[in-house]
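In UniProt numbering, the protein residues as written are 1 to 468. Backbone N, C-alpha and C define an ideal beta-carbon position, used for all residues, glycine too. Working notes, structure below.
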Amino acid sequence: MYTTRNAMGNIISGSYYELAINDSAVNHMNSRIFLTSKKSRWAALDYFRLRLPLANNRHIRVNPDHDVLFFHPAHDIRDINILAAILHDIKAYDPRDQGLKHLAILGDTLFPDKQPVTGEVGNCGSNRPIDSTSAGGAGKITLSHPIAQASLTDILSTKLRTLWCVQKMFTRTRVYGPGIYDRPVGMPQWMETLPMLPPLSRLGISHLNFEWIENDPRPIEPDIGNMPFFKDPRQYHYNWKVIEEVLGVRHVTPFRVFACVFSELAPAGITGHMTEPTGLELRVRQLVESNRQMEKDEWERAINHWVNLMRQIRPLSESTFDESWFRERNVMLDRDDMTAIGMWLFPAEAFGRVDDHNFAEVYHSYKMRAKSSVTPGLALFDLSSLTRIDLQQFENICCGNGQSSRRNQCPCNIKRNINQRYLNLYRIVHPKDSRSRFGYPPNFGQTKHLYLSKSSDSLKSHTYHRQR
């Protein structure tokens with residue numbers, strides 16, 4: 001590995017992974033943005049300057065300055081060598097030799113069940129994914145190749161600007177029990193302001209527009225003060241800091257870590273019994289309605305469980321339990337203005353720090369509650385973007401500079417329209433010959449990741465986390 005050069009003359013990893021993407025996203029990159037005129041093509045190629053190779057001799061163009069690459073690994077692929085290879089290759093295909101600036105990973109991507117390097121084991125007891133040389137402090141990460149080691153250290157030190165640690169809430173819906181299997185036991189909670197994210201891989205979505213709101217304007221305080229997680233979110237920031245320490249990373253540019261929190265829209269609504277709709281927008285609307293019904297059922301179950309529990313407890317005490325008052329107090333209202341499709345973005349330090357006193361609690365606690373006094377940002381997804389891009393926008397909007405008699409050929413207008421926010425769905429797969437050569441199981445490395453793109457206008461208003 002790390003001996004092959006690409007067409008640009010740069011060394012690439014030559015690793016045992018391939019990138020793949022939905023055909024719709026590939027077709028989008030072959031749209032009229034690139035084919036209308038020479039000027040429009042030049043503007044598009046300048047913006048989408050990075051040409052990433054895909055499986056089956058395809059490619060896709062991305063903007064590494066604005067896009068956030070989201071790795072969503074399968075169970076078997078939590079390996080820092082793959083992260084190093086992909087970041088190295090992205091940089092190798094960048095004509096400006098800059099590479100990716102914004103990375104998103106699942107919170108437990110690299111260290112699923114234990115604190116990195118020290119080897120502290122959680123309940124699952126999985127094998128530690130990286131080597132360490134000490135048992136009580138930072139050790140040394142040993143990657144598969146010296147070029148990978150040097151490249152990853154350089155990228156994390158000088159290129160990467162933001163890291164998004166993405167984590168789904170420990171709930172099937174926005175309703176948290178308690179039920180017979182829920183811990184810790186507490187009052188029922190309906191987190192109506194918790195953002196929801198569609199199961200993009202099951203919907204077949206290739207891109208999704210979104211707006212990044214710096215501070216969520218909704219009344220979110222009750223929900224961010226009591227959030228159920230399967231693992232302590234303080235792990236995310238600490239794990240990454242350990243990686244940086246053992247690699248010798250020293251940031252020379254501003255760098256931020258965000259904890260991205262959401263509840264997945266109930267996938268039961270798109271399996272089996274659901275009628276196939278005519279368009280993706282309708283499809284998601286049906287999914288939202290299906291999720292709402294599931295939440296109502298979950299809420300009723302939680303209230304009934306609590307009522308039955310109080311009936312058993314109260315006879316043993318002198319106090320009385322007013323069931324009608326309790327049910328009336330916990331009526332679930334349908335408030336559409338509280339529903340958000342997207343993610344919360346917390347500064348990673350919002351959940352607190354990890355130290356010697358709370359280390360065991362952080363890494364040995366499961367199904368726990370966390371709170372934040374920091375108002376998160378909100379990545380708010382636009383459902384209208386689930387339909388294909390409306391090419392009529394190139395006919396109807398022009399920058400007014402008079403550079404073209406045809407509005408859709410104006411290069412400034414083309415630049416305005418391609419410089420948008422969208423989210424694409426990818427997979428990372430291992431070729432069959434690599435699986436047999438290395439002895440991987442048939443489903444090894446089936447990885448989904450997404451990339452999110454910010455517009456330059458939004459970048460200007462959010463310079464604290466998007467430095468150019």
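Taking 7 Å as the cut-off, the Cβ atoms of M343 and A379 count as close.
Between G225 and Q167, the C-beta spacing is not below 7 Å. Straight through space, the alpha carbons of F326 and I213 are spaced by roughly 36 Å. Counting other Cβ atoms within 10 Å of its Cβ, S263 reaches 16 or more and is therefore classed as buried.
Residue pairing by DSSP places M196 opposite S263, I341 in a beta bridge. Judged by DSSP secondary structure, P219 falls outside any beta strand (DSSP E); it is assigned neither H nor E.
In the displayed model, V252 falls within coil according to three-state DSSP, outside both helix and strand.
Counting only runs of at least 4 residues, the segment 54-104 fully encloses the following alpha helix (DSSP H) elements, listed from N- to C-terminal order: 80-92. Excluding residues up to 5 positions away in sequence, T153 lie with their Cβ nearer than 7 Å to the Cβ of G248 in the same chain. The C-beta distance from F381 to F210 rounds to 5 Å, short enough to meet the 8 Å contact threshold. For V257, the beta-bridge partners assigned by DSSP are L163. Under DSSP, no beta-bridge partner is assigned to I12.
Take the alpha-carbon of M368 and the one of G177: they are about 13 Å apart. Rounded to the nearest angstrom, the gap between the Cα atoms of H88 and S37 is 33 Å. In this structure N239 is buried. Its beta-carbon is surrounded by 16 or more other beta-carbon atoms within 10 angstroms.
Taking the C-beta atoms as reference points, L69 is found no nearer than 7 Å to L19.
In this structure, the CA atom of N6 is about 8 Å from the CA atom of A92.
Comparing C-alpha distances from L160 to each of M191, P233, A84, N330 shows the shortest one belongs to A84. Straight across, the Cα-Cα distance linking V362 with F170 is about 16 Å. In the three-state scheme derived from DSSP, where H, G and I count as helix and E and B as strand, M310 is classed as helix. Taking the CA atoms as reference points, M310 sits about 53 Å from H66. Counted as a single uninterrupted DSSP element, the stretch harbouring P146 is not any beta strand (DSSP E) but the alpha helix (DSSP H) occupying residues 146-158.
Rounded to the nearest whole angstrom, the CA to CA distance from E328 to D223 is 20 Å. For L45, the enclosing alpha helix (DSSP H) starts and ends at 38-47. Between S324 and the set A340, I303, T339, the nearest pair of CA atoms involves I303. Between S365 and A350, the CB-CB gap reaches or exceeds 7 Å. Bounds of any alpha helix (DSSP H) do not take in R172, whose DSSP letter is neither H nor E.
Assigned with DSSP and collapsed to three states, A7 falls in coil, not helix or strand.
Inclusion of T158 and V252 in the CB contact set at 7 Å is warranted, their separation being smaller than that value. Per DSSP, the beta-bridge partners of P228 are R369. As DSSP reads the structure, R51 sits in a beta bridge with R61. F34 sits in a helix when the DSSP states are folded into three classes.
When rounded, the separation of the alpha-carbon atoms in I12 and T4 is 6 Å. Contact between T162 and R256 is confirmed by a C-beta separation of about 5 Å, below the 8 Å threshold. The residues R41, A44, in chain order, have a CB closer than 6 Å to that of F34 in the same chain once the five nearest residues on each side in sequence are set aside. Ranked by how close their Cα comes to the Cα of A55, the residues Y16, N63, Y47, I82 have Y16 in first place.
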